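Notes follow once the structure below has been shown.
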Amino acid sequence: GEDVNVLVFDTEVYSNTGGQSSKATPTAAVAKFAAAGKRVRKKDLGMIAMTYGYVYVATVGMGANMNQLMRALTEAERYKGPSLIIAYSPCINHGINMAYSQDQIKQAVECGYWPLYRYNPDLAKEGKNPFVLDTKEPNGKFREFLLTQVRYASLQRQFPEVAEELYAQAEAEAMSRYAMYKRLAEMDMSK
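Just so we're aligned: the sequence shown equals residues 97 to 287 in our numbering.
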């Protein structure tokens with residue numbers, strides 16, 4: 097029953113311990129203890145929180161959509177109850193030039209790697225759909241995005257026999273997640 101706002105900077109690895117694999121590490125990413133690429137789907141922290149029904153949840157990407165980020169922060173602040181905002185956060189363990197991290201965020205959103213949404217339980221009280229998808233259809237450049245990051249590109253160099261399979265699996269999981277979010281956004285909550 098507390099009015100608590102939490103902002104998670106999701107790097108998808110345990111960055112402060114040297115890039116270990118975790119439940120937040122996505123499929124095909126190379127990390128400490130997953131040198132041949134992670135084989136299972138990343139947990140969906142936002143969906144887990146939404147199952148409670150009384151938690152405001154949003155995924156955001158500063159470099160992708162500043163207006164959506166500000167809308168989510170404002171809604172979370174106004175919401176009387178727990179709020180969780182999950183921000184895609186490139187880090188040094190992605191093997192990118194950090195000067196271009198905002199561009200990485202934009203690419204992640206555009207290709208469907210990191211969909212943006214807001215889930216506001218107050219909307220359900222008004223008979224409206226509490227889930228709003230703020231992302232357009234993926235642009236088809238998922239694999240291209242993966243290969244901009246060393247944590248994915250190194251898989252192809254070190255384990256080419258599994259790389260293509262894991263890249264395809266990662267893309268299929270991302271497109272499935274997007275399709276699920278799209279169905280959620282299209283639900284008629286007035287009945």
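Glycine is no exception: its CB is placed at the ideal position from the N, C-alpha and C atoms.
Bear in mind that the values here come from a model prediction, so they are computed numbers and not experimental data.
{"Asked": "CB contact flag (Arg239, Tyr209, <7 Å)", "Found": "no"}
{"Asked": "Glu98 CB to nearest heavy atom of the ligand GDP below 6 Å", "Found": "This structure lacks the ligand GDP, and indeed carries no ligand of any kind."}
{"Asked": "For Pro234, the nearest candidate out of Ser179, Ala268 and Lys176 (CA to CA)", "Found": "Ala268"}
{"Asked": "Span separating the alpha-carbon of Tyr175 from that of Tyr215", "Found": "11 Å"}
{"Asked": "Alpha helix (DSSP H) runs wholly inside the region 158-226, at least 4 long, in chain order", "Found": "162-174, 197-206 and 217-221"}
{"Asked": "DSSP three-state assignment for Leu243, whether helix, strand or coil", "Found": "coil"}
{"Asked": "Environment of Tyr152 [buried if 16+ CB atoms lie within 10 Å]", "Found": "buried"}
{"Asked": "Candidates Glu173, Ile181 and Leu280, of which the one nearest Ala145 by Cα", "Found": "Ile181"}
{"Asked": "Helix, strand or coil at Val151 according to DSSP, with G and I counted as helix", "Found": "coil"}
{"Asked": "Endpoints, the alpha helix (DSSP H) within which Val292 is located", "Found": "With the chain represented from 97 up to 287, any question about residue 292 goes unanswered, as that position is not in the structure."}
{"Asked": "Gln254 versus Tyr274: straight-line alpha-carbon distance, rounded", "Found": "30 Å"}
{"Asked": "Limits of the beta strand (DSSP E) - the one that Asn101 falls within", "Found": "Asn101 to Asp106"}
{"Asked": "Same chain only: Cβ atoms within 7 Å of Ala270, ignoring 5 sequence neighbours per side", "Found": "Gly208, Tyr209 and Phe238"}
{"Asked": "Close Cβ partners of Leu103 (< 7 Å) along its chain, the five nearest in sequence each way excluded", "Found": "Ile181 and Ala183"}
{"Asked": "Buried versus exposed call for Pro256 [16 or more other C-beta atoms within 10 Å across all chains shown]", "Found": "exposed"}
{"Asked": "Cβ contact check for the region 190-197 and the region 222-233: 3 or more pairs under 8 Å", "Found": "no"}
{"Asked": "Alpha carbon of Asn163 to alpha carbon of Tyr150, nearest angstrom", "Found": "24 Å"}
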